[in-house]
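S.K.:
Protein chains in written order, with the numbering used here: chain A, 1 to 339; chain B, 1001 to 1245.
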C-alpha cells in the first residue's frame, strides 16, 4: 500500500515515449499485484491456463513490458527480499482482508452481483512463490534485467535511481520518495483505459512523473521531514496516529520541525520511531545487480507462454514484434523533442 | 478547383521526395504552387516541400487541399513512358482525382484530409552549414550500408565527414573543404543518424545535384535542396540517434 502523498506531491502527466532511452527500476511485487488484481474477468475470476493455474501476472507482465520496451524505455524489475519484521503487521492485516474478501467474492458470485464480485475478487490477489518464479523466468527470456532486493524492492529501486544507475523508479506507491528516489513514475505499467470500481465508467489512467526535489520545495520540507510526516500518518511499518492525514501531518511537521517535537507538543507516542526512520533513511541495500538489456528469446517465450501456460500464439508473436521495434527505437530520438 | 498537366519525370521527382517518409500526404494547393508538409509515422523525419506552377506544363488551381495516396501515383507513373505528360484533374463532385496517362484514365479516390494536420517546423539553431555534391554523398552512403545501421555526420573547419562504425568495420568519407561548394563551421559538430532514413532521403532526391546541410551537436540535421528544374524546393529534417557511451 505505502504512504498516500497524492495531494502533496507535484504530478506531471507524461507519455511512455517521453522516457525513451531511460532506465526505470520497477517495484516488481507492486506491478505483479496490480496485474493480479486488475486482469480479471467480469465476475472477478483471474486469467487461467487450461489446468486452472492463474496467469494474470504473466499476461500483465508480458504485454505491458512489451509496450514499455516498444517505446525504447528500459525497465528493470526489482523483487522484494525478506520483509522487514515491522512489515509483518501490515502483511498479516492484508491476509485477513484477503480471507474476508474471498468469502464475500463467492457470496457475490452466488447472488449474481458481478460488480461486488469483481471488486472483492481484486482484494484476494495473492502472489505466490510459483508466480514469482515464472515471472522472473519470463523476464529473463524477454532480455529484461531483474534485481533482487535484500528487503523492500522499492527501497532497492530507489537506491539504484539515487546512484544514477537508473533514471527513476516505477511504482504505484509513494514510498520511493521516502527512500530518496529523485524521480518516481506512476502508472508506468498500467496506463490506458481502466474501469472504475462499482461503476460502468472508464477513466484514462495517465503516466505521471513525480519529482522529489520539486515536490519537497513545493511543500517546503526536506526528505527527513517527509519521512517523519509519513510515520505520523502511518506507513507499511507503523500504524501512525489515528485521524492524522497528509494535510494535518504536513502542517504539524511544518510547525514543529520534527517528529520528536510533534510528539512532545501533542503528547503522543510513536513506537519504533527510530527503527521506522532507519528503514526509510538507511535501508539494507545491495550493489549486486546487473543492468543489461538483451534481445528477447522469442522461441523460449513461446515455449513458456504458449506451450506451458496456453497463451494465444498470435498475440504473443505480435507482442514479440513490439519488443523488436523497441530495440530499434531505443536509440532513435523523435523530432517532437525539438518542436 | 485543380487542373494540371505535368511531365511524368517531374511528377516522379515530387512523389519520391515525399513518399520516402509517408504513404499518404495532404497536398496544399494554391493558385501559384503546391506544397506538402509531413512527418513520418515514427516522428523521426519531416519533409517540407513546395513546387511552383512553373514546374507544370499547365496549372490552374484555387486554394484547396487534396489527400493523395502516393502508392497510387506510383502505380500511374509505372504506366508512363519517358516524356509522357500526365494530366491531373480534381473531380470535386465525387471527390476524386482524374488522372490521364497516355490513353489510360484512372479515377483515383482521395484520402480524407480531416485528420491530416500540417506539422509545425521546429526552429533549430544549427551552427554548421555545408553545401556539397549529392553524388559524393551517395558514394559515402553506399560504402556505409554494409557496415552499420547508423551514420555520423561531422563538420569541422577543414571539411565534412561521414563515418559509419560497425561492430567490426568502419567506413569513413572525407570531404576536405576544397571539395565542398561551401563550408561554414567554426567549431566541430557531430550528430549520429539512422542510416536507413538518411539513405532513403538521399536516394529520393536523385534529380538533385547539390545539397545544403545544416548540422549541430546531437541535433536534428536539416537538408535543403531544389528539384524539378529549380522549380521545387524542399527541406528534410531528421532526428538524431542518442549515442550511448
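Just so it is clear, CB atoms sit at the ideal spot from N, CA and C, and this is done for glycine as well.
#1: Buried or exposed: which applies to residue 1012 of chain B, given that a residue is buried once 16 or more other Cβ atoms fall within 10 Å of its Cβ?
#2: Can you tell me the Cα-Cα spacing of residue 1041 of chain B and residue 1056 of chain B, whole angstroms?
#3: Pull up the distance between the alpha-carbon of residue 1027 of chain B and that of residue 1066 of chain B, whole angstroms please.
#4: With a threshold of 7 Å between beta-carbons, can residue 1043 of chain B be considered close to chain A, or not?
#5: For residue 1242 of chain B, return the contacting residues in chain A, with the cut-off set at a CB-CB distance below 7 Å.
#6: Using only the alpha-carbon positions, how far apart do residue 169 of chain A and residue 132 of chain A sit?
#7: May I ask you to list, following chain order, the residues of the region 1096 to 1125 of chain B that have a beta carbon less than 7 Å from some beta carbon of chain A?
#8: Using the beta-carbon count (16 or more within 10 Å), is residue 92 of chain A buried or exposed?
#9: Mind checking if residue 1038 of chain B is an interface residue toward chain A, Cβ cutoff 7 Å exclusive?
#10: In chain B, what lies closer than 9 Å to residue 62 of chain A by C-beta?
#11: Going residue by residue through the region 1046 to 1131 of chain B, where are the continuous alpha helix (DSSP H) segments of at least 4 residues, counting only ones entirely within it?
#12: Should residue 1001 of chain B be flagged as near chain A, meaning a C-beta pair shorter than 7 Å?
#13: Pull out every residue of the region 1189 to 1207 of chain B whose Cβ sits closer than 7 Å to any Cβ of chain A, in chain order.
#14: Please decide whether residue 1245 of chain B counts as near chain A, where near means a Cβ-Cβ distance under 7 Å.
#15: I'd like to know if the region 201 to 214 of chain A and the region 3 to 12 of chain A are in contact, where contact means that at least 3 CB-CB pairs between them fall below 8 Å.
#16: Under DSSP, the beta strand (DSSP E) around residue 1163 of chain B begins and ends at which residues?
#17: Counting only beta-carbon atoms, is residue 1220 of chain B nearer than 7 Å to chain A?
#18: Going straight from the alpha carbon of residue 53 of chain A to that of residue 308 of chain A, what length do you get?
#19: Check residue 330 of chain A in the structure and name its three-state DSSP category.
#20: Which residue's Cα is closest to the Cα of residue 1054 of chain B: B/1233, B/1237, B/1240?
#21: Determine the direct distance from the alpha carbon of residue 1238 of chain B to that of residue 1216 of chain B, and round the result to whole angstroms.
#22: Alpha carbon to alpha carbon, what distance is there between residue 1070 of chain B and residue 1245 of chain B?
#23: Within 10 angstroms of its Cβ, does residue 281 of chain A collect 16 or more other Cβ (buried), or is it exposed?
#24: Check the DSSP bridge columns for residue 1184 of chain B and list the partner residues they point to.
#25: Give the interface partners of residue 338 of chain A over in chain B, defined as CB-CB distance under 7 Å, in chain order.
#26: So is residue 245 of chain A buried or exposed if we call it buried at 16+ other beta carbons inside 10 Å?
M.R.: So, from the data block:
#1: buried
#2: 30 Å
#3: 5 Å
#4: yes
#5: 21, 331, 333
#6: 20 Å
#7: 1120, 1122, 1124
#8: exposed
#9: no
#10: Correct list: empty, because the minimum Cβ distance to chain B is about 24 Å.
#11: 1070 to 1079
#12: no
#13: 1194
#14: Its pLDDT being 40, under 50, residue 1245 of chain B is placed unreliably by the model, and the measurement read from it follows with that caveat. By this cut-off, residue 1245 of chain B is not an interface position.
#15: yes
#16: 1159 to 1165
#17: yes
#18: 10 Å
#19: coil
#20: B/1233
#21: 12 Å
#22: Any reading at residue 1245 of chain B is ruled out, since the residue's pLDDT is 40, under 50, leaving its predicted position unreliable.
#23: exposed
#24: B/1129
#25: 1122, 1124, 1220
#26: exposed
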